[in-house]
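Count along the sequence shown starting at 1, add 2, and that's the number in the working numbering.
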Amino acid sequence: MIDHPWSQQTILLCVESYENGVPRGHMYLGQEGQCFDSLTQLLLRAEQLLERSGEVQSFTIPRSFSIARPLGDEPCIAGELTRGKVATFEMRVLFRQHASWQGELLWLEKNTRQYFRSVLELITLLDSALRA
3 MIDHPWSQQT ILLCVESYEN GVPRGHMYLG QEGQCFDSLT QLLLRAEQLL
53 ERSGEVQSFT IPRSFSIARP LGDEPCIAGE LTRGKVATFE MRVLFRQHAS
103 WQGELLWLEK NTRQYFRSVL ELITLLDSAL RA
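Take a look at the structure:
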């Protein structure tokens, strides 16, 4: 598991499969785990984890077409699965500003680190790693 002083800002992202641009896997923030079956689930569930942790405050109030309902949680047991079959990343979200995220992404298998300034840049980094 993550053993950094900033672990409450770091999501361990374990990708089990990546087909046609669709990631599937699980993620952990501290001891809380979530499964995801799409990029949308990955991002929305990661946002929920960050919001619940209270460590990285959002600078904006989310907008919605309807009353926001929480996603159905698919909890994963922390410590059960700590590596993805395809890839494993540590995603450290430093800021949640301008209705986006800023931070760094560490690809554990390659020991490679990249910084992202938006969720779109994060998606591009994940896609380039997972297609490699």
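We treat Cβ as the ideally placed atom computed from N, Cα and C, and that holds for glycine. In this text the structure is predicted, and so the values were computed from the model without any measurement.
Practice task
Check whether the Cβ atoms of A89 and A48 sit closer than 8 angstroms, and answer yes or no.
Solution key: Walking along the sequence shown from the start, residue 89 turns up at place 87. Walking along the sequence shown from the start, residue 48 turns up at place 46. Going by C-beta atoms, A89 is not nearer than 8 angstroms to A48.
Taking 6 angstroms as the limit between beta carbons, can you name the residues of its chain near D39, skipping five residues before and five after?
By one-based count along the sequence shown, residue 39 stands at place 37. For D39, where only same-chain residues beyond five positions count, the Cβ hits under 6 angstroms are R26.
Beta carbon of L14 nearer than 8 angstroms to that of E92 | Here residue 14 refers to the residue found at position 12 when the sequence shown is read from its first residue. Here residue 92 refers to the residue found at position 90 when the sequence shown is read from its first residue. Yes; because the gap between Cβ atoms is below 8 angstroms, this pair is in contact.
Excluding the 5 residues flanking V121 on each side, which residues of the same chain have their C-beta closer than 6 angstroms to its C-beta? Counting from one through the sequence shown, the residue named residue 121 turns up at place 119. The answer, listed in chain order, is S102 and W103.
Query - Which listed residue (G23, R119, L128 and Q36) has its alpha carbon closest to that of V95 - result: To locate residue 95, count along the sequence shown from 1; it is residue 93. The candidate whose alpha carbon is nearest that of V95 is R119.
Where Q99 sits in the DSSP three-state scheme:
Counting from 1 along the sequence shown, the entry for residue 99 is found at position 97. If DSSP states are grouped into helix, strand and coil, Q99 belongs with coil.
Is W109 near the ligand COA, judged by its Cβ being under 7 angstroms from some heavy atom?
No copy of the ligand COA occurs in the structure displayed, which carries no ligand at all.
_Need the endpoints of the beta strand (DSSP E) that L14 sits in, please._
Sequence index remark: in the sequence shown, residue 14 carries index 12 (1-based). Its beta strand (DSSP E) spans residues T12 to E21.
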